[in-house]
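Residue numbers (the working numbering): 20 to 291.
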Amino acid sequence: MARVKAGAAANPAPPTVQRVRLRFAKRGRLRFLSHRDIARSFERAVRRAGVPVSHSHGFSPHPRLSWVGAAPTGAASEAEYVEMGVTREVDPELLREALDRALPDGLDVLAAVVAQPPALADRIDAARWRLEIRGVSHAEATAAVAALLERDSVTVTRVTPSGRKEIDVRAALVALVVEPQVNDEAADHAPADVAGSPGPATGCAILTAVVRQTTPTVRPDDVLGALSVVADLTPPVPVTATRLAQGLLDDGGDLVDPLGSAPATRGRPGTS
């Protein structure tokens with residue numbers, strides 16, 4: 020085996036000449052993929068699409084893909100982000116199309132731009148979530164949200180591999196609103212859509228939450244846990260959570276697109 024010179028990388032790879040940032044969606048049943056499953060899917064898609072992706076040095080080179088704030092397993096998303104290095108300049112739109120064709124339905128690449136400073140992670144400090152709570156009426160949800168927003172602090176406990184963590188959900192909440200009421204009477208007579216579930220006996224409430232990034236990150240389950248703490252709100256069936264956007268909070272409470280002048284979202288809005 021040839022000896023590597025001091026200061027030189029083993030098995031050097033071609034240099035990165037451009038970085039491209041992508042926004043993609045995780046929709047339908049693919050919301051149950053873990054982050055590692057998604058990363059593997061992208062690595063395979065990069066190979067299928069013939070993308071000139073940069074690789075790490077060494078004896079086990081891997082594609083240079085940098086992920087930011089992956090949504091938890093079980094949550095859908097319209098705003099996932101990844102940045103990749105390439106070894107030659109590419110047209111971001113052509114790269115987007117090629118990757119979108121190579122990925123399975125449900126992982127949909129929505130936008131691509133050439134990376135510009137600052138770093139992608141520095142362009143995101145909050146997220147907007149949509150929580151669809153079946154089996155809970157609009158009135159119940161409204162009362163629970165009001166009780167939560169009245170508090171200065173609401174702490175929930177999350178069990179992690181490293182132990183229990185206390186998380187102040189209220190401190191991270193920028194906004195939490197109940198969407199305009201749907202026809203609860205019609206929902207009362209709708210059949211259950213989950214086998215073995217009790218059915219939507221008291222309608223369906225839809226919440227929109229804007230959550231500031233904290234350490235650890237406040238997740239949809241934490242928001243639901245806080246509603247349970249302050250108002251004993253316990254949905255009878257699993258809640259459908261969809262991340263609608265990520266970005267920097269502006270003075271008006273809106274999120275600034277981290278891709279800047281990225282093109283408008285393509286494809287159908289996600290349905291979970």
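Glycine residues also receive a C-beta, built at the ideal position from the N, C-alpha and C atoms.
Look at residue i and residue j and say whether their C-beta atoms are less than 7 Å apart.
i, j, result
"Ala94", "Ala245", "no"
"Asp144", "Val188", "no"
"Ile186", "Val173", "no"
"Leu150", "Leu226", "yes"
"Val36", "Arg153", "no"
"Val70", "Leu139", "no"
"Arg120", "Ala131", "no"
"Pro82", "Val65", "yes"
"Trp148", "Ala228", "yes"
"Arg231", "Ala90", "no"
"Gly125", "Arg55", "no"
"Lys184", "Pro254", "no"
"Pro111", "Ala32", "no"
"Ala264", "Ala158", "no"
Distance, Cα to Cα, residue i vs residue j?
i, j, result
"Asp273", "Glu102", "23 Å"
"Ala117", "Val193", "37 Å"
"Asp127", "Ser85", "17 Å"
"Ala160", "Pro199", "11 Å"
"Leu113", "Gly279", "19 Å"
"His74", "Thr92", "27 Å"
"Asp270", "Val258", "30 Å"
"Ala165", "Thr233", "22 Å"
"Val196", "Asp141", "27 Å"
"Ser53", "Leu268", "27 Å"
"Val248", "Phe43", "34 Å"
"Pro137", "Phe78", "31 Å"
"Arg63", "Gly266", "28 Å"
"Pro123", "Asp251", "40 Å"
"Val275", "Ala146", "10 Å"
"Val133", "Leu49", "27 Å"
"Val237", "Ala68", "35 Å"
"Ala191", "Val39", "30 Å"
"Arg59", "Pro277", "24 Å"
"Val72", "Leu41", "13 Å"
For residue i, does the count of other Cβ atoms within 10 angstroms reach 16, so buried, or fall short, so exposed?
i, result
"Gln135", "exposed"
"Ser156", "buried"
"Pro288", "With a pLDDT of only 43 at Pro288, under the threshold of 50, the placement of this residue in the model should not be trusted; the figure read from the coordinates follows. Per the 10 Å Cβ criterion, exposed."
"Gly182", "exposed"
"Ser96", "buried"
"Ala205", "Bear in mind that a pLDDT of 42 at Ala205, under 50, signals an unreliable position, so the model cannot answer this."
"Phe61", "buried"
"Gly104", "buried"
"Pro299", "Outside the shown range of the chain, which is 20 to 291, sits residue 299, and nothing can be said about it."
"Ala163", "buried"
Considering residue i, what are the terminal residues of the beta strand (DSSP E) in which it resides?
i, result
"Thr179", "174-179"
"Glu185", "182-187"
"Val65", "No beta strand (DSSP E) contains Val65, which is instead part of the alpha helix (DSSP H) from 54-68."
"Gly244", "Per DSSP, Gly244 belongs to no beta strand (DSSP E); it is in the alpha helix (DSSP H), 239-250."
Establish whether the CB of residue i and some CB of chain C are separated by less than 7 Å.
i, result
"Asp270", "Considering every chain present, this structure includes no chain C. It has just one protein chain."
Considering just the uninterrupted stretch of the alpha helix (DSSP H) at residue i, what are its terminal residues?
i, result
"Asp119", "111-121"
"Ala134", "First-last for Ala134: undefined, no H or E at that position."
"Thr161", "157-169"
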